[in-house]
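I have placed the structure first, in the form of structure tokens, so that the comments after it can refer back to it.
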Amino acid sequence: MKYSEKYPAVTLLDREGTVMDIYTKRYLELGSRFYDLFKHDLKNYQNAIFMALDLYKLKKDEKYLEMVEEASQKSLEHIEVIKEIEPFVYSGGNLGFYSFYSCMSRLTEKYPDKEFELNGDDIYVFADGAFPKLFDLLIQITLENNNKYKLSFTTSEFQEDGLNKCAVRIDIHNFSVPGSTLEAILNEDKNSVTGDKISLIFYIAKMILSRYSGNLKLTESTDDKTVLTVIFLSADNDVFHSCSGTLE
139 MKYSEKYPAV TLLDREGTVM DIYTKRYLEL GSRFYDLFKH DLKNYQNAIF
189 MALDLYKLKK DEKYLEMVEE ASQKSLEHIE VIKEIEPFVY SGGNLGFYSF
239 YSCMSRLTEK YPDKEFELNG DDIYVFADGA FPKLFDLLIQ ITLENNNKYK
289 LSFTTSEFQE DGLNKCAVRI DIHNFSVPGS TLEAILNEDK NSVTGDKISL
339 IFYIAKMILS RYSGNLKLTE STDDKTVLTV IFLSADNDVF HSCSGTLE
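Okay, structure coming up:
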């Protein structure tokens, strides 16, 4: 794949030293991590069910049957969340150039009842077809509780390690997740990721971004606001001038 050969951060070599494309990289890395989480949580639920059944046989206490029912329900809920998020894991395609404002325009149409605020100039990033879906994922965590959460997106550009980069600051108002939990998730600690939808969304978003040298950081976490920063490579880098990526 031309982009992989021209930009080392998206290069993956097989055992014979052949460059794989991002499609193969996605399935080998992101897909395996996703299903590791999936199997880990389901195994925990399964163990809880078997343990509760054994205790019920031993003690004949109805509370252990309630534990079986609870673990079974959580297992089913986890499977439904996985089924909902899975398409985002495998979305993408060839690397190219994407307009942030163009992507957000589509999302504001998709969620007409959500309150969005866009600040800053448009930015063009080097990414793949999962780029707009990343923000779709982050919006999804705010869809509970009658859509009361307001989202503010602020763009900026900066230089780091000799490369031009873009940042999108996302302020989620009236939304709070414990900072320690988010830090663990954003630092790719699999053991911190449980079967709840929010944990999975943050972890999957982080993994998708890693495909093209992006990053997701927790900037602030208070009782009334969570602030995230998403970082991408800017399309304005010499390394991309010879690439023929599409602009969307």
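Just so we're aligned: the sequence shown equals residues 139 to 386 in this note's numbering.
Yeah, the Cβ is synthetic: ideal placement off N, Cα and C, and Gly gets one too.
Everything numeric in this text was worked out from a predicted model, so none of it was measured.
Which residue or residues does DSSP assign as beta-bridge partners of residue 311?
Note: residue 311 sits in a beta bridge opposite 363.
Below 8 Å, how does it come out for the stretch 258-272 and the stretch 230-249: are there three or more Cβ pairs, yes or no?
Contact holds: three or more Cβ-Cβ distances are below 8 Å.
Could you pull out every residue in the same chain whose Cβ sits closer than 8 Å to the Cβ of residue 365, ignoring the five residues on either side in sequence?
These residues qualify, in order along the chain: 307, 308, 309, 310, 356, 357, 358, 359.
Measure the C-alpha to C-alpha separation of residue 160 and residue 201 and round it to an integer number of angstroms.
With a pLDDT of only 46 at residue 160, under 50, the local geometry of the prediction cannot be trusted, and the value read off the model is given with reservation. Going by the C-alpha atoms only, they are around 50 Å apart.
According to DSSP, simplified to helix, strand and coil, what is residue 240?
If DSSP states are grouped into helix, strand and coil, residue 240 belongs with the helices.
I'd like the span of the alpha helix (DSSP H) that includes residue 348, first residue to last.
Per DSSP, residue 348 belongs to the alpha helix (DSSP H) from 335-348.
Considering Cα atoms alone, identify which of 367, 352, 294 is closest to residue 266.
Comparing Cα-Cα distances from residue 266 to each of 367, 352, 294, the minimum goes to 352.
How would you write the range of the alpha helix (DSSP H) that residue 281 sits in, first residue to last?
Segment: none, residue 281 is in no alpha helix (DSSP H) and carries neither H nor E.
Counting contacts by CB-CB distance shorter than 9 Å, is residue 351 in contact with chain B?
Protein chains in the displayed structure number just one, and chain B is not present.
Taking just the CA atoms, how far does residue 371 sit from residue 301?
Cα to Cα, residue 301 sits roughly 8 Å from residue 371.
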